[in-house]
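In the numbering used here, the protein residues as written are 105 to 244. The structure appears right after this line, and notes come after that.
Structure below.
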């Protein structure tokens with residue numbers, strides 16, 4: 105039997121994306137948002153008006169890092185700030201994005217993917233991602 109694990113659906117990713125965009129708009133921010141599956145592959149992405157492709161790439165990196173390591177990326181930003189040797193080492197890991205703004209997407213308490221937000225401050229990005237990813241509903 106093939107191995108499988110729960111993954112975010114398109115409808116769930118859309119809900120996460122809409123929550124993130126609404127939260128950013130409410131703060132007067134223009135951000136990029138990327139929702140990924142547990143393997144870090146994009147399910148849905150959006151850039152608000154005026155947001156560059158590089159900012160969107162950072163959002164994808166944050167989401168991929170959160171999905172791959174199973175923790176919010178703020179953990180890695182804090183560790184990088186506290187330990188310069190760690191920051192130097194992770195700079196050699198392709199795709200690792202130790203910047204706040206990546207968080208896990210949960211549905212019914214189960215991790216099904218991650219969301220990355222970029223365009224505000226570290227604190228703003230992290231708060232938006234946390235809010236967007238934590239409000240998953242139960243599956244029927």
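Glycine included, each C-beta is placed from N, C-alpha and C at the ideal position. All values derive from a computational prediction rather than experimental measurement.
{"Query": "Three-way DSSP call (helix, strand, coil) for residue 134 in this model", "Result": "coil"}
{"Query": "With 16 other Cβ atoms within 10 Å as the buried cut-off, status of residue 328", "Result": "Residue 328 is absent from the structure shown; the chain starts at 105 and stops at 244."}
{"Query": "Residue from 116, 157, 125 and 174 whose Cα sits closest to the Cα of residue 147", "Result": "116"}
{"Query": "At least three beta-carbon pairs within less than 8 Å, the segment 133-142 to the segment 191-198", "Result": "no"}
{"Query": "Residue 235 to residue 217 span [Cα, whole Å]", "Result": "14 Å"}
{"Query": "Strand pairing of residue 219, partner residues [DSSP]", "Result": "139 and 207"}
{"Query": "Classification of residue 208 by the beta-carbon crowding that lies within 10 angstroms, buried from 16 upward", "Result": "buried"}
{"Query": "Alpha-carbon spacing of residue 134 relative to residue 126, whole angstroms", "Result": "10 Å"}
{"Query": "Of the listed residues 187, 226, 178 and 212, nearest to residue 159 (C-alpha basis)", "Result": "226"}
{"Query": "Nearest to residue 184 (by Cα), restricted to the options 223, 174 and 201", "Result": "201"}
{"Query": "Spatial neighbours of residue 155 in its chain, beta-carbon cut-off 6 Å, leaving aside the 5 residues before and after", "Result": "134, 136 and 223"}
{"Query": "Beta-carbon contacts of residue 153 that lie in its chain and below 7 Å, excluding the five residues immediately before and after", "Result": "134"}
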